[in-house]
Amino acid sequence: MSKSLSCFGYPLSIFFILVNEFCERFSYYGMRAILVLYFRNFIGWDDNLSTAIYHTFVALCYLTPILGALIADSWLGKFKTIISLSIVYTIGQAVISVSSIHDLTDHNHDGTPDSISVHVVLSMIGLVLIALGTGGIKPCVSAFGGDQFEEGQEKRRNRFFSIFYLAINAGSLLSTIITPILRVQQCGIHSQQACYPLAFGVPAALMAVSLIVFIAGSGMYKKFQPQGNIMAKVVKCIGFAVKNRFRHRSKEFPKREHWLDWAKERYDERLISQIKMVTRVMFLYIPLPMFWALFDQQGSRWTLQATTMTGRFGAIEIQPDQMQTVNAILIVIMVPIVDAVAYPLIAKCGLNFTSLKKMTVGMFLASMAFVAAGIVQVEIDKTLPVFPQGNQVQIQVLNIGNSSMTVYFPEETVTIDQWSQTDDFLTIEIDRLRSINISSPGSSVTEVSHEFEQGHRHTLLVWAPSGYRVVKDGLNKKPEKGENGIRFVNTLMGTMSVEMSGKVYENIASRDATEYQFFPSGTKSFTINSTEIAQECPRDFQSSNLDFGSAYTYVVRREGNGCLEVKHFEDIPPNTVSMALQIPQYFLLTCGEVVFSITGLEFSYSQAPSNMKSVLQAGWLLTVAFGNIIVLIVAGAGQISKQWAEYILFAALLLVVCVIFAIMAQFYTYVNPAEIEAQFDEDEKKKKAGESNLYSNLEPVSQTKM
Numbered sequence: 002m003s004k005s006l007s008c009f010g011y012p013l014s015i016f017f018i019l020v021n022e023f024c025e026r027f028s029y030y031g032m033r034a035i036l037v038l039y040f041r042n043f044i045g046w047d048d049n050l051s052t053a054i055y056h057t058f059v060a061l062c063y064l065t066p067i068l069g070a071l072i073a074d075s076w077l078g079k080f081k082t083i084i085s086l087s088i089v090y091t092i093g094q095a096v097i098s099v100s101s102i103h104d105l106t107d108h109n110h111d112g113t114p115d116s117i118s119v120h121v122v123l124s125m126i127g128l129v130l131i132a133l134g135t136g137g138i139k140p141c142v143s144a145f146g147g148d149q150f151e152e153g154q155e156k157r158r159n160r161f162f163s164i165f166y167l168a169i170n171a172g173s174l175l176s177t178i179i180t181p182i183l184r185v186q187q188c189g190i191h192s193q194q195a196c197y198p199l200a201f202g203v204p205a206a207l208m209a210v211s212l213i214v215f216i217a218g219s220g221m222y223k224k225f226q227p228q229g230n231i232m233a234k235v236v237k238c239i240g241f242a243v244k245n246r247f248r249h250r251s252k253e254f255p256k257r258e259h260w261l262d263w264a265k266e267r268y269d270e271r272l273i274s275q276i277k278m279v280t281r282v283m284f285l286y287i288p289l290p291m292f293w294a295l296f297d298q299q300g301s302r303w304t305l306q307a308t309t310m311t312g313r314f315g316a317i318e319i320q321p322d323q324m325q326t327v328n329a330i331l332i333v334i335m336v337p338i339v340d341a342v343a344y345p346l347i348a349k350c351g352l353n354f355t356s357l358k359k360m361t362v363g364m365f366l367a368s369m370a371f372v373a374a375g376i377v378q379v380e381i382d383k384t385l386p387v388f389p390q391g392n393q394v395q396i397q398v399l400n401i402g403n404s405s406m407t408v409y410f411p412e413e414t415v416t417i418d419q420w421s422q423t424d425d426f427l428t429i430e431i432d433r434l435r436s437i438n439i440s441s442p443g444s445s446v447t448e449v450s451h452e453f454e455q456g457h458r459h460t461l462l463v464w465a466p467s468g469y470r471v472v473k474d475g476l477n478k479k480p481e482k483g484e485n486g487i488r489f490v491n492t493l494m495g496t497m498s499v500e501m502s503g504k505v506y507e508n509i510a511s512r513d514a515t516e517y518q519f520f521p522s523g524t525k526s527f528t529i530n531s532t533e534i535a536q537e538c539p540r541d542f543q544s545s546n547l548d549f550g551s552a553y554t555y556v557v558r559r560e561g562n563g564c565l566e567v568k569h570f571e572d573i574p575p576n577t578v579s580m581a582l583q584i585p586q587y588f589l590l591t592c593g594e595v596v597f598s599i600t601g602l603e604f605s606y607s608q609a610p611s612n613m614k615s616v617l618q619a620g621w622l623l624t625v626a627f628g629n630i631i632v633l634i635v636a637g638a639g640q641i642s643k644q645w646a647e648y649i650l651f652a653a654l655l656l657v658v659c660v661i662f663a664i665m666a667q668f669y670t671y672v673n674p675a676e677i678e679a680q681f682d683e684d685e686k687k688k689k690a691g692e693s694n695l696y697s698n699l700e701p702v703s704q705t706k707m
């Protein structure tokens, strides 16, 4: 074991560990930020398959820590495990970077890989190696950092875990901002495309830097040798205790203080005491996945909530998926404040704010964050348009003719001026939709002959009493990701095509409407191509300034001078509730994370015996995996129609779990594993000393005496 050098009272070795963790987290989150887009846009998988592979990869990253912990505590030790698996990790990052080079199999130089299966196989190999690497080192790095501190440095060790968590989030924050910027660059040997090799290559380089930095501090680390296959001993000891207790279940055998004491016939007291420490902590872990079930929804439910809100903050404009960075930004701000201000103030007030009390407060704050999310959702719901239920249809009328038209619905009559649209969709029960009739001044009535599809919106295009067309809108909810739906209606006599921001509406028939295509916020340019446009007439036009979550119909018609005019009508209004209203829920969740997650890391380390610290860290990480499983179960088991009700349900569930955890925490007794193990060492020394004294006091027996 090397002598520990110090800086500002901290072991100098931890600075290498912190830089290593920052670079590794930059590498992991940077790669993860563009993974789904890589699957969808480069490999060509659909959204469902891309999402399924992505979540499988993330789940694997949280299951492999157990493997890493077993290797570290039983075989290689933490230092060699981190080195070995970091090499595997770096290779994995390099492989996935190579898999994204389209020129690798683009032999005909058309910009498309000729053998996509090669890229798929390489990317899967890369992801498996990354999952093994990142998951394997996850429990070892934090525990190895804790190992660098001496007895009596508990306060500094606690602060180290706070700084360690800060490094994680700083790496995550920077990578999720930088990597997408790298992705949109153009690169390639024979054809220029989105630069996935660069976007994956930078995280791979950072992982290599992480490995080099960690090796550079090698001479300063305190390294503990692994103590054999400890997990096998633990499993055998627990198995023997259960079996022995079952054998002696009758009342004639006296009860023992703890169920593990039934293993004393075969196993020494030190091992039994160590297993007691681990099982007590593992028992406390049982309620914890519920916290992660709520926490991880900021990347799913909360992002979806943001798509129904507006991201304009004055001159600044934020996309819905960028709101997730609020958590990382707040972590970077809140960790120093909580550690340097909040905790010392609580201590000065004389309150005994133990680790388990901190974790209880963290769970409560996360629960309140979901209450806040529910309140925001209620406000959003007030602004959302009403879409048809399963037994309803919704119809709006768009008059593209040169005279006013009257449309007779079963219970309502509407008159629409030329080149105008009804103010809103008319909702009609399908069984009441017996007939719809059209007329104009001085003309006969024409009945609309069409089978309306229930549960959908429809637009009735009219231009004469006998001239109409029914179009199914295809939008039964707000556009996803906060984008804006745009469709075109052609009123020219011949076909036309429109190109808007790289997307094409081809061969639009006369007096027909296209399907919606979706665009982010901002003003879009579009070009109309038709044989009916005179050479002197403009073909390029500008859209209105698009906000978030709206849908429009653009009607193209000929003006009196023979040139084209474009008029737009609003089908779905833009979002009006600001994403700024999500900041309180992110603030509450981040405060909960700071006092729950950092404390959990430190608690898992401080309560673990020296030979099982990585195993207990892995157990802590497993609670994250089980939290994700809870989300899948709850989401799949019951479809709650109102989103605010689902938020309140999750908040109530965590509140109940919080109370249960608080009660469990009351019965937990904090231990100092180092003191307990030192006592065992002292007892063993005394025992050996007693045995040696016994032999030294025995006089030699001569043959004469015999």
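FYI, the numbering for the sequence shown is 2 to 707, going by the numbering used here.
Note that CB positions come from ideal geometry on N, CA and C, so glycine has one too.
Just so you know, these numbers come straight off a predicted model, no measurement behind them.
For LEU285, the three-state secondary structure derived from DSSP is helix.
Annotation: VAL596 to PHE165 spans about 14 Å, alpha carbon to alpha carbon. Positions of the beta strand (DSSP E) runs, each at least 3 residues long and wholly inside the region 517-548, are given as 518-520, 526-530 and 541-543 in order along the chain. When the five nearest sequence neighbours on each side are left out, the beta carbons in the same chain lying within less than 8 Å of the beta carbon of LEU64 are those of GLY136, LEU623 and ALA626, in order along the chain. The alpha helix (DSSP H) runs of length 4 or more contained entirely in the region 617-689 are, from start to end of the chain, 644-667. Every alpha helix (DSSP H) stretch that sits fully inside the region 177-242 and reaches 4 residues is listed by chain position as 197-217. The continuous stretches of alpha helix (DSSP H) do not include THR428, which lies in the beta strand (DSSP E) extending over residues 427-430.
The alpha-carbon separation between GLU500 and HIS569 amounts to approximately 16 Å. Contact annotation: LEU565 and CYS538 have beta-carbon atoms nearer than 8 Å. The beta-bridge partner set that DSSP reports for LYS139 is empty.
Under the DSSP assignment, LEU461 falls outside any alpha helix (DSSP H), being part of the beta strand (DSSP E) whose first and last residues are 458-465.
LEU565: member of the beta strand (DSSP E) spanning 565-573, first to last residue.
Residue state for ILE437 is assigned as coil, using DSSP reduced to three classes. Going by DSSP, VAL499 is part of no alpha helix (DSSP H) but of the beta strand (DSSP E) stretching over 497-501. Looking at the backbone, the Cα of ALA690 and that of PHE681 are separated by about 14 Å. When only Cα atoms are considered, LEU547 and PRO321 end up about 15 Å apart.
Considering only GLU516, ASP513, THR515 and PHE549, the residue with the shortest C-alpha distance to THR524 is PHE549. ASN485 is bridged by DSSP to PHE520. For ALA510, the three-state secondary structure derived from DSSP is coil. Per the Cβ contact rule, the region 138-153 is in contact with the region 593-609 (3 or more Cβ pairs under 8 Å).
Apart from the 5 residues on each side of it in sequence, VAL408 sits with its Cβ closer than 6 Å to the Cβ of VAL398, VAL415 and ILE439 in its chain, given in chain order.
GLY503 and GLY31 have their C-alpha atoms spaced approximately 27 Å apart.
About 5 Å separates the CB atoms of SER551 and ASN485; that is less than 8 Å, so the two are in contact. Cα atoms of LEU261 and TYR197: separation of roughly 54 Å, rounded to the nearest angstrom. If you ignore the 5 residues before and after ILE190, its C-beta comes within less than 8 Å of the C-beta of ASP104, all in its own chain and listed in chain order. The C-alpha of GLY601 lies about 12 Å from the C-alpha of MET283. SER28 and LEU174 have their C-alpha atoms some 11 Å from each other. Between VAL557 and ILE529, the CB-CB gap stays under 8 Å. Of the other Cβ atoms in all chains shown, fewer than 16 fall within 10 Å of the Cβ of ILE641; this residue is therefore exposed. Under the three-pair Cβ rule at 8 Å, the region 248-259 does not count as touching the region 321-337. Cα atoms of TRP303 and GLN193: separation of roughly 35 Å, rounded to the nearest angstrom.
In the DSSP assignment, ALA552 falls within the unbroken beta strand (DSSP E) covering 552-559. Ranked by how close their Cα comes to the Cα of ILE276, the residues GLU685, LYS688 and ILE677 have ILE677 in first place. Check the Cα spacing between LEU289 and each of LEU357, ALA242 and LYS224: the tightest is with LEU357. Ranking TYR669, PHE40, PRO674 and ILE664 by CA distance to the CA of ARG281 puts TYR669 first.
If you draw a straight line from the Cα of VAL129 to the Cα of ALA316, it comes to about 43 Å.
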